[in-house]
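Below: the structure, in structure tokens.
Number of protein chains: 2
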Amino acid sequence: MQIDPNSNADLSAQIATSIRDAIMTGGLIVDERLPSEAELADHFAVSRPTVREALKRLAAQSLIRTQRGASGGAFVNRLSYPEAYSQQITTSTLLLSMNAVSFETACEARYAMERACASLSAARRTADHLATMRAEIFRQGQPGLTDEAFCASDVAFHRALVDGAGNPVLSYQLAGAVEAMQPLMNIITFTARSREAIVNLHTDIANAIESQDGAAASAALTALETETLALAQSVFAARAKPLGQ
Amino acid sequence: MQIDPNSNADLSAQIATSIRDAIMTGGLIVDERLPSEAELADHFAVSRPTVREALKRLAAQSLIRTQRGASGGAFVNRLSYPEAYSQQITTSTLLLSMNAVSFETACEARYAMERACASLSAARRTADHLATMRAEIFRQGQPGLTDEAFCASDVAFHRALVDGAGNPVLSYQLAGAVEAMQPLMNIITFTARSREAIVNLHTDIANAIESQDGAAASAALTALETETLALAQSVFAARAKPLGQ
DNA sequence: GACTTTTAAATGTCAGACAAATGAAAAGTG
DNA sequence: CACTTTTCATTTGTCTGACATTTAAAAGTC
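As structure tokens, this is what we get:
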């Protein structure tokens, strides 16, 4: 592990990259303790604050965790699914919100991936997943639900659908696609009528999953995609009109 | 933007979270300049090194960029697709390598998602995407290609397939799934015979995409998934035998 | 006006210090 | 000896103050 003194990049960035490479290539293994900050400072011939900045960069990516006290230090962190989920969601959400990604593009990507889970979920879903889906559908039918709560329940429903596939890697990938859509979905005001349409489509999906009919689930998802797009477009149209006049 | 003095979390972590929230909720917009380090230190009532550690955490997630000199400072960064790709790949790769994800699970997730792109790609692929796919197939048929080069070409082929869908969000999501598999694929030694089988399946896929037949592309991908799994299992079996004796 | 020099502001880096947490060894106690 | 308490060294967390470097704008010069 060495750094290039001629590079014009920040020392802390170089050190972070150097350690990250060591982790990703297997030079440092999970739960292994890194040298102490003082030792790292010696090794890279920099000051302790610079080393600390590098370590904080790695901590921000969940690559290391630190512990104070005797026999403490920085340890290579086993990237857990929840940590990976959370990073995935942060990155996806920012990517959508900062790059003027159209509702259509985001929606298409999301439902394409969700359909990919549908057949697996139909084959493998447990009673638990089904129960969650039914419960969320019930919640969505309750009158007086705020739009935020409706959206949150929508996310929970789709998560159960995805988790039903029983593939944690797939769940991780979908987490970004589903959750990152939520800020975009929040622009939609759900009328009683549109909620009813969505609840009906959710019921179709749940029924298809229950009867282990992947094709039907896929078709219902496509119908839901169409419905969602139409809803969004009506909102955009309603917004555009007052401005245009 | 405030922090909780009673929390037992690191101050720099709290400050980073506070600023991150401001960015994600729209309180700070793209290209907006954050207060200087000295001003932030004043605001949060901490020292400048602590503020700097917080800013490095944000920089590690590409949420901000910094510029030196007069009128420099930290600016909210527009998360570009390449930055998002790279983070996605890092996270996915670590998730797979650190959690003993089975080859089967990773493979299933990847091909499920790739099939999701296939029909879109069949409908929209440009001549460019097709040309890339054909070129990579040609490269894969060259004798004397190292296993690493073969794998790299394999990734390039699949990227072209995915990019053919013309949906950058989908490409971003798939980047993780496809690239993170590469370390797992590297355990496979490709014999001349297995390479030929893969090249043939790649040709099937390219043909299906060219004739805009999404179902055929999907089917060819499934065949490729089966072939890949069989290859991996034969490698595992060959490894297990000497150890078991 | 065009060019050069100076200046001020900001980040990057360093050195040294103290606080706080924590596990392990040492000391004390029955 | 077994157990508890105390002490202590190690390590991270934080602060202060300083200097170096970069950079754009202001001031000066022809």
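Chains as they are written, first to last, in UniProt numbering: chain L, 1 to 245; chain H, 1 to 245.
Where is the CB? At the ideal position from N, CA and C, for every residue including glycine.
All of these numbers come straight from a predicted model, not from anything done at the bench.
DSSP state of residue i, grouped into three classes?
{"i": "G72 (chain H)", "result": "coil"}
{"i": "I205 (chain H)", "result": "helix"}
{"i": "T191 (chain L)", "result": "coil"}
{"i": "R52 (chain H)", "result": "helix"}
{"i": "Q173 (chain L)", "result": "helix"}
{"i": "G166 (chain L)", "result": "coil"}
{"i": "residue 283 (chain H)", "result": "There is no way to answer for residue 283 (chain H), as the model of chain H reaches only from 1 to 245."}
{"i": "M181 (chain L)", "result": "coil"}
{"i": "G244 (chain H)", "result": "Its pLDDT being 47, under 50, G244 (chain H) is placed unreliably in this model, and the value from its coordinates should be taken loosely. It is helical."}
{"i": "Q212 (chain L)", "result": "coil"}
{"i": "T25 (chain L)", "result": "coil"}
{"i": "T222 (chain L)", "result": "helix"}
{"i": "S47 (chain H)", "result": "coil"}
{"i": "A13 (chain L)", "result": "helix"}
{"i": "L145 (chain L)", "result": "coil"}
{"i": "S7 (chain L)", "result": "coil"}
{"i": "N200 (chain H)", "result": "helix"}
Pull up the CB-CB distance for residue i and residue j, whole angstroms please, since I reckon it's below 8 Å.
{"i": "I205 (chain L)", "j": "A220 (chain L)", "result": "4 Å"}
{"i": "G164 (chain H)", "j": "R124 (chain H)", "result": "6 Å"}
{"i": "S62 (chain L)", "j": "L79 (chain L)", "result": "6 Å"}
{"i": "I15 (chain L)", "j": "L34 (chain L)", "result": "Actually they do not touch by this definition, with Cβ atoms about 11 Å apart."}
{"i": "A223 (chain H)", "j": "L201 (chain H)", "result": "6 Å"}
{"i": "A177 (chain H)", "j": "R110 (chain H)", "result": "5 Å"}
{"i": "F103 (chain L)", "j": "L184 (chain L)", "result": "6 Å"}
{"i": "M113 (chain L)", "j": "M113 (chain H)", "result": "6 Å"}
In the DSSP assignment, find the alpha helix (DSSP H) that holds residue i and state where it starts and stops.
{"i": "R139 (chain L)", "result": "127–141"}
{"i": "T105 (chain H)", "result": "103–124"}
{"i": "A84 (chain L)", "result": "81–98"}
Mind listing the chain H neighbours of residue i? Cutoff is C-beta to C-beta under 8 Å, in chain order.
{"i": "T93 (chain L)", "result": "M24"}
{"i": "M113 (chain L)", "result": "M113, A116, L170, Q173"}
{"i": "V155 (chain L)", "result": "Neighbours of V155 (chain L) on chain H: none; closest Cβ ~16 Å, over 8 Å."}
Bridge partners of residue i, per DSSP?
{"i": "R65 (chain H)", "result": "H:F75"}
{"i": "R33 (chain L)", "result": "L:F75"}
The ligand MN heavy atoms versus the CB of residue i: any closer than 7 Å?
{"i": "V46 (chain L)", "result": "Summarising the ligand content, the structure contains no ligands, and the ligand MN is consequently not present."}
Taking Cβ-Cβ distances shorter than 8 Å, what residues in chain L pair up with residue i?
{"i": "E179 (chain H)", "result": "Residues of chain L passing the Cβ test: none, with the nearest at roughly 12 Å."}
{"i": "E37 (chain H)", "result": "Within 8 Å Cβ-Cβ: nothing; E37 (chain H) doesn't reach chain L, min ~12 Å."}
{"i": "P82 (chain H)", "result": "Correct list: empty, because the minimum Cβ distance to chain L is about 11 Å."}
{"i": "residue 330 (chain H)", "result": "Past the edges of chain H, shown from 1 to 245, lies residue 330 (chain H), and the structure says nothing about it."}
Taking C-beta pairs closer than 7 Å, name the residues in chain H that residue i reaches, listed in chain order.
{"i": "N167 (chain L)", "result": "T105, E108, A109"}
{"i": "G176 (chain L)", "result": "Q173"}
Going along chain L in order, which residues have a C-beta closer than 7 Å to the C-beta of residue i?
{"i": "V30 (chain H)", "result": "M98"}
{"i": "P49 (chain H)", "result": "P49"}
{"i": "E53 (chain H)", "result": "R52, E53, K56"}
{"i": "L120 (chain H)", "result": "A112"}
Give the residues of chain H in contact with residue i, contact being defined as C-beta atoms less than 9 Å apart.
{"i": "T17 (chain L)", "result": "Ordered by position in chain H, no residue passes the 9 Å Cβ test against T17 (chain L), which lies about 10 Å from the chain."}
{"i": "A215 (chain L)", "result": "Chain H residues near A215 (chain L): none, gap ~12 Å exceeds 9 Å."}
What in chain L is Cβ-close to residue i, meaning under 9 Å?
{"i": "S234 (chain H)", "result": "None at all; the shortest Cβ gap to chain L is about 22 Å."}
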